[in-house]
Amino acid sequence: MSQTVLIVDDDPEIRQVVRIGLSQAGFATEEAGDGAEGLAKAQSGRFDLVVLDIGLPRMDGLEVCRTLRQTHATPVLFLTARNDEIDRVLGFELGGDDYVVKPFSPRELSGRVKAILKRSVPAAAPVAGMARGCLRLDPTRHLCEVLGQPVALTAREMALLGHLMTHPDHIAARPALTDAMYGANIHVSDRTVDSHLRNLRSKLLAAGCEDAIETVHGVGVRMGPCNG
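When we follow our numbering, the leftmost residue of the sequence shown carries the number 110, and every step to the right adds one.
Okay, here's the thing in structure tokens:
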């Protein structure tokens, strides 16, 4: 069965370019022309990924992503005309999984969509279910729980936490964290990695899991005791 992507952009020409590129790559698509419509469709849970423009009428893409993340872990690929690191970091902090800057190649966009979806469903998790303190993680089902309650994580947050829990007594440096989230030979700024870590820590703490990730200054991070 084809995976389905929701395209949210107020420009019909952009939507057409994205639709054609994704269709040629084997994806089914649906569309929305503004943020409010896009959020309503995304919250239906029918989509495997959302391609989301940042500059939308009625509700901008960042607000759409922020609201969606409260209840859904659907991967989000941002479309943006702003090639500025602050915008990119903000998007990741809100739960975005990747971004493409306009103008873009349909082939590049399709490739990034495939990469996100491949990371979203790990081909082979080292352990079907992992536990530490009050924290439970099952990468095969994209499930994270704190004190028995689900915590919505993005694909990259899931990959990051999965890497740390698979090696709970090891200190992971940034290159290892980058490889876990993006794959090998991908350059990502330290600020972007820090944003993912900060966002993951915040979600776990808000759910009641204290000391989930410890920083070893000048070296990296490792799993904490995960006290509830």
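For every residue, glycine included, the Cβ atom is placed at its ideal position computed from N, Cα and C.
Sheet register partners of residue i (DSSP bridge)
i	result
residue 113	137
residue 324	330
residue 192	Its beta-bridge partners do not exist; DSSP assigns none.
residue 319	336
residue 244	241, 255
CB of residue i within 8 Å of CB of residue j, strictly
i	j	result
residue 156	residue 115	yes
residue 186	residue 206	yes
residue 144	residue 167	yes
residue 160	residue 127	yes
residue 124	residue 202	no
residue 269	residue 290	yes
residue 131	residue 171	no
residue 212	residue 241	no
residue 273	residue 281	yes
residue 181	residue 147	no
DSSP three-state assignment for residue i, whether helix, strand or coil
i	result
residue 250	helix
residue 259	strand
residue 161	strand
residue 149	helix
residue 143	coil
residue 207	strand
residue 167	coil
residue 123	helix
residue 303	helix
residue 182	coil
residue 201	helix
residue 130	helix
residue 225	helix
Cutoff 6 Å; reference residue i; Cβ partners in own chain excluding five residues on either side
i	result
residue 320	333, 334, 336
For residue i, the first and last residue of its enclosing alpha helix (DSSP H)
i	result
residue 188	Looking at the DSSP string, residue 188 is not in any alpha helix (DSSP H); the run it does join, the beta strand (DSSP E), is 185-189.
residue 239	Run containing residue 239: none in the alpha helix (DSSP H); it sits in the beta strand (DSSP E), 239-241.
residue 271	264-275
Beta strand (DSSP E) segment containing residue i, residue limits
i	result
residue 283	Unbroken run through residue 283 is the alpha helix (DSSP H), 283-291; no beta strand (DSSP E).
residue 76	The first residue shown for the chain is 110 and the last is 337, placing residue 76 beyond what the model contains.
Contacting residues, own chain, Cβ-Cβ under 7 Å from residue i (five flanking each side not counted)
i	result
residue 120	none
residue 283	299, 302, 329
Same chain, Cβ closer than 8 Å to residue i, neighbours up to 5 away in sequence not counted
i	result
residue 225	158, 184, 186, 206, 207, 264
residue 279	331
residue 196	163, 189
residue 138	113, 114, 115, 116, 127, 128, 131, 132
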